[in-house]
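To start, the structure under review is shown below, and the notes come after it.
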Amino acid sequence: FNPCLDIPDFDANQDSPVEILHVVLLGVVKYWWRDAVSRQNSKGKEELKTRLSSIDTAGLGTSRLRGHTLVQYAGSLVGRDFRLILQVGPSVLHGLILETHYKGWLALCRLAPLLFQPSIEHMDIY
526 FNPCLDIPDF
536 DANQDSPVEI
546 LHVVLLGVVK
556 YWWRDAVSRQ
566 NSKGKEELKT
576 RLSSIDTAGL
586 GTSRLRGHTL
596 VQYAGSLVGR
606 DFRLILQVGP
616 SVLHGLILET
626 HYKGWLALCR
636 LAPLLFQPSI
646 EHMDIY
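According to the working numbering, the sequence shown holds residues 526 to 651 in order.
Put into structure tokens, the structure is as follows:
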């Protein structure tokens with residue numbers, strides 16, 4: 526039994542924010558990325574490295590992506606790498622993974638901006 530549950534006005538669902546780093550970036554994104562990379566043959570991995578290295582990152586607030594590193598060490602990356610992968614995933618994975626997997630990536634990428642917003646003003650309008 527958790528004593529926090531006895532605190533007046535404490536709602537575990539409302540008062541415990543989802544921890545995006547571990548749940549999303551080091552959870553879903555990490556394993557989906559590792560799966561996408563592991564399903565590639567050597568030609569597919571080279572294509573993926575090239576796509577990652579050549580993508581324009583001007584609007585992402587980062588320097589050029591290191592395609593070789595992001596593919597070679599797919600299971601050993603850190604949160605900031607997975608944040609970037611989440612942002613460029615649909616662009617670099619198109620045509621390289623199964624259509625059903627690609628649709629999953631698109632859904633995750635539509636969900637991500639909502640997860641990273643601390644609050645939504647005018648929720649009834651949104």
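Cβ coordinates follow ideal geometry from the N, Cα and C atoms, glycine included.
Start and end residues, alpha helix (DSSP H) containing residue i
{"i": "residue 535", "result": "Neither: residue 535 is in no alpha helix (DSSP H) and is coded neither H nor E."}
{"i": "residue 644", "result": "Element bounds for residue 644: n/a, residue is neither H nor E."}
{"i": "residue 650", "result": "Counting along the chain, residue 650 falls outside any alpha helix (DSSP H), and DSSP gives it neither H nor E."}
For residue i, the three-state DSSP class (helix, strand or coil)
{"i": "residue 587", "result": "coil"}
{"i": "residue 564", "result": "coil"}
{"i": "residue 592", "result": "helix"}
{"i": "residue 598", "result": "coil"}
{"i": "residue 544", "result": "coil"}
Between the CA atoms of residue j and residue i - distance to the nearest angstrom
{"i": "residue 630", "j": "residue 614", "result": "7 Å"}
{"i": "residue 628", "j": "residue 563", "result": "18 Å"}
{"i": "residue 566", "j": "residue 598", "result": "15 Å"}
{"i": "residue 571", "j": "residue 547", "result": "29 Å"}
{"i": "residue 593", "j": "residue 635", "result": "26 Å"}
{"i": "residue 641", "j": "residue 554", "result": "14 Å"}
{"i": "residue 611", "j": "residue 632", "result": "11 Å"}
{"i": "residue 639", "j": "residue 549", "result": "12 Å"}
{"i": "residue 588", "j": "residue 582", "result": "7 Å"}
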